[in-house]
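A.B. asks: Can you keep this structure in mind? I'll have questions shortly.
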Amino acid sequence: MNANQDDAFTLGPLEAGPVCCDPQPVIQVKDLSLHYGDKIALDKVTLDIYKGCITALIGPSGCGKSSFLSAINRLTDLIPGCCVNGNIFVYDQDIHRSDSNVQELRRQIGMVFQKPTPFPLSIRRNIALPLNEHGIRKQAEVAAITEQVLRDVGLWAEVYDRLDTSALSLSGGQQQRLCFARALALNPQILLMDEPCSALDPIASGVVEDLICRLQGRYTIVIVTHNLAQARRIANYAALFWIKERAGQLVEFGRCQHIFESPSHELTAAYVNGVRG
Amino acid sequence: MFRLIPTDRLLIAILRIFAVNTVLVLLLILAFLLLESWPVLMQLSLTRFVTDTSWHPLEGAYNLMPMLAGTLLASMGALLLAVPLGMSSALFIVFYAPSHLATLYKRLIELLAGIPSVVFGFWGLTTLVPLINQWHPPGASLLAAILVLTLMVLPLITLTAYTALAAVPDELIHNAAALGLSRWGMISGVALPAAGSGITAGIILAAARALGETMAVLMVAGNVVQYPETVFDPIRTLAANIALEMAYAMGDHRAVLFVSGLLLLLLVMVLSSIAGFLEKQRHA
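These protein sequences, in sequence, are chains A and B.
The letter at position 35 of the first sequence is residue 35 when you use the working numbering, and the numbering goes up by one with no holes.
Just so we're on the same page, the working numbering is the position in the second sequence counted from 1, plus 1000.
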């Protein structure tokens, strides 16, 4: 990361967090099981996600990483036939309690998906829409937040003179950064990312990866990735998921260095060295 | 350009023939209408269709405006009722109804779309018109025409809006949900803008259908040539007029009926160019 990039980066409202020396759990997942009809996607996963750290979820396709991710912000509610058991605590609140506010939960937890998906609206409106929905309507305030988050993702210089053009006219990498900006605008504390680089070309992917590194510390990040080299470069913690008895399970969780250099489980060793998976 | 192999050439030739035929049919109809109406278009000045005292074809008075007004009022009234109803039905199916109810509801709407127009007219004549007559005589009226047309275009609007909304990618909906948008926020902010062009196309199609509908309207509208003062006054539409008088019309009278056919075609053309213009605006 060079000095220029640091300058482009306005100071967000979260203080630079503790850098993972002193792990404080923000998300606590206990015995999480997830079914789609008869198919078991996740079986009894228990995992803590630590404040200010990047946690990478790795493993072969279909082992439940993305399902795990979408259970955290209850996006699984939208999938017909999906049934979630077990507990997830976000800031010590059980998210499945009947009195928990799912819209507020999703405001706290931003999410970026694999495919860049800007809304078919102008660039400005893409960011204003969720802000308006959450009660921020004053034009000056919306404009200030828009500028700040677009600067945060390094998009301001590229689009400041065409905020009213369609977001669909941006390139793939720019669209993905707009999706990051849109998620950041709501001032979340947690960011979920489902393979945010895998639909992008290598250069755009590199830009997004730098962006994720710059967000480290300010946000608690959970990222699903198939790119082991990327996980190794950016993550503080890694969790390996695997399919056992036709159900996704957590095999090993630990510091990134530990997972990649001295894994305790033989499956982990085989996967990170490219022997299996 | 790459070189074409013989089977490609054959396929292209066949496709061209069919494609040309499709357009040719429209052009032939247009040519036919022009040819048949040519005598009066040459003889009478166009202003006579606007300034003549009324529609008395046997005495040579050819004012088409009352019937044009009747046509436009009936169609616009029907759209005014059917658009909100159809849109809410489509939104209900896609976003609110539990899945088994949504399927049943959609089947019913499809059934409504399949009912022949003469059956709507028959129902209107025997049920709707007497009902309106009790409320405000004579019964056969602009209102009856509007209501019957509403029923006829409602399934068209519902099904096209449904198709457009169902085609909105899941990713967009999930993104919207992940930003903590409420269901209505998702619909108004994301789904409707994404489905906008499909919905507009459906409404235009419905408008064209309403303008041209003949049988059902003829059966319930009363067919008096006049500018209606209230919705309870009888009207005559251009399409109904053609159907009513074609059998005995001769000479200029017959040719003027073709002029009114030409006018209907023109209306539909204007509608579809508006649709094209709106589409271009959206993508600009």
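Cβ coordinates follow ideal geometry from the N, Cα and C atoms, glycine included.
As the structure is a prediction and not an experimental result, all values here were calculated from the model.
When DSSP labels each residue in this structure, what does I1204 (chain B) get in the three-state scheme?
C.D. replies: helix
A.B. asks: Per DSSP, what kind of secondary structure is D194 (chain A) in: helix, strand or coil?
C.D. replies: If DSSP states are grouped into helix, strand and coil, D194 (chain A) belongs with the strands.
A.B. asks: Looking at chain A, is there any beta carbon in it that lies within less than 9 Å of the beta carbon of E1279 (chain B)?
C.D. replies: no
A.B. asks: Reducing DSSP to helix, strand and coil, say where K138 (chain A) ends up.
C.D. replies: coil
A.B. asks: Measuring straight from C-alpha to C-alpha, what distance separates R1183 (chain B) and Q216 (chain A)?
C.D. replies: 32 Å
A.B. asks: Applying a beta-carbon distance threshold of less than 8 Å, which residues of chain A neighbour E1171 (chain B)?
C.D. replies: F113, K115 and T117, listed in chain order.
A.B. asks: Against chain A, with Cβ distances strictly below 9 Å, would G1180 (chain B) count as a contact?
C.D. replies: yes
A.B. asks: Roughly how many angstroms lie between the CA atoms of T1112 (chain B) and S1141 (chain B), to the nearest whole one?
C.D. replies: The sequence given here has Leu at residue 1112 (chain B), not Thr. For L1112 (chain B) and S1141 (chain B), the gap between their C-alpha atoms comes out near 23 Å.
A.B. asks: On the DSSP letters alone, give me the boundaries of the beta strand (DSSP E) that R255 (chain A) sits inside.
C.D. replies: A247 to R255
A.B. asks: Would you give the residue range spanned by the beta strand (DSSP E) that S33 (chain A) belongs to?
C.D. replies: Here the beta strand (DSSP E) through S33 (chain A) covers P25 to Y36.
A.B. asks: The alpha helix (DSSP H) that contains K39 (chain A), what's its start and end?
C.D. replies: In the DSSP assignment, K39 (chain A) falls outside any alpha helix (DSSP H) and lies within the beta strand (DSSP E) extending over K39 to Y50.
A.B. asks: Using the Cα positions of G1139 (chain B) and V1224 (chain B), report the straight-line distance between them to the nearest angstrom.
C.D. replies: 13 Å
A.B. asks: Measure the C-alpha to C-alpha separation of S262 (chain A) and A269 (chain A) and round it to an integer number of angstroms.
C.D. replies: 8 Å
A.B. asks: With a threshold of 9 Å between beta-carbons, can G217 (chain A) be considered close to chain B, or not?
C.D. replies: With 9 Å as the cut-off, G217 (chain A) does not count as an interface residue toward chain B.
A.B. asks: Relative to the C-alpha of L184 (chain A), which candidate in A:S198, A:G135 and A:T146 has its C-alpha closest?
C.D. replies: Minimum Cα distance to L184 (chain A) is reached at A:T146.
A.B. asks: Establish whether the CB of V1190 (chain B) and some CB of chain A are separated by less than 9 Å.
C.D. replies: yes
A.B. asks: Among B:H1100, B:G1124 and B:A1255, which residue has its Cα nearest to the Cα of G1060 (chain B)?
C.D. replies: B:A1255
A.B. asks: Going along the chain, which residues of its own chain have a beta-carbon closer than 6 Å to the beta-carbon of P118 (chain A), five neighbours each way excluded?
C.D. replies: The answer, listed in chain order, is N126, A167, Q175 and L178.
A.B. asks: Under three-state DSSP, which class holds A16 (chain A)?
C.D. replies: In this prediction, A16 (chain A) scores a pLDDT of 43, lower than 50, which makes its location untrustworthy; the coordinate-derived value is nonetheless stated afterwards. A16 (chain A) falls in the coil class under three-state DSSP.
A.B. asks: Tell me whether the beta-carbon of G64 (chain A) lies closer than 9 Å to the beta-carbon of L42 (chain A).
C.D. replies: yes
A.B. asks: Whole alpha helix (DSSP H) runs in the region 167-226 of chain A with 4 or more residues, listed along the chain?
C.D. replies: DSSP runs (the alpha helix (DSSP H)) wholly in the region 167-226 of chain A: 172-185 and 202-215.
A.B. asks: Any Cβ of chain A within less than 9 Å of the Cβ of H1174 (chain B)?
C.D. replies: yes
A.B. asks: Do you know offhand how far Q114 (chain A)'s Cα is from E1171 (chain B)'s?
C.D. replies: Rounded to whole angstroms, Q114 (chain A) to E1171 (chain B) spans 10 Å at the Cα level.
A.B. asks: Along chain B, which residues have their Cβ under 9 Å away from the Cβ of R162 (chain A)?
C.D. replies: Chain-order list of chain B residues neighbouring R162 (chain A): empty, with the shortest C-beta distance near 13 Å, by a criterion of under 9 Å.
A.B. asks: Taking the alpha-carbon positions, what's the Q148 (chain A) to S198 (chain A) distance?
C.D. replies: 26 Å
A.B. asks: Where do the N-terminal and C-terminal ends of the alpha helix (DSSP H) with V1025 (chain B) fall, by residue?
C.D. replies: V1025 (chain B) -> alpha helix (DSSP H) spans P1006 to Q1043.
A.B. asks: Using a beta-carbon distance cut-off of less than 9 Å, what residues from the region 1193-1212 of chain B approach chain A?
C.D. replies: P1193, A1194 and G1196
A.B. asks: Between the alpha carbons of I1109 (chain B) and V84 (chain A), how many angstroms are there, rounded?
C.D. replies: 35 Å
A.B. asks: Leaving out the 5 sequence neighbours to the left and right, which residues in its chain are closer than 7 Å to F1277 (chain B) when beta-carbon positions are compared?
C.D. replies: Correct list: empty, nothing qualifies.
A.B. asks: Which residue's Cα is closest to the Cα of I123 (chain A): A:V159, A:G274 and A:G254?
C.D. replies: A:V159
A.B. asks: Count the other C-beta atoms from every protein chain shown that fall within 10 angstroms of the C-beta of P1155 (chain B), then say buried if there are 16 or more, exposed otherwise.
C.D. replies: So P1155 (chain B) counts as buried.
A.B. asks: Let me confirm a value: W242 (chain A) is counted as buried when at least 16 other C-beta atoms fall within 10 Å, else exposed. Which label applies?
C.D. replies: buried
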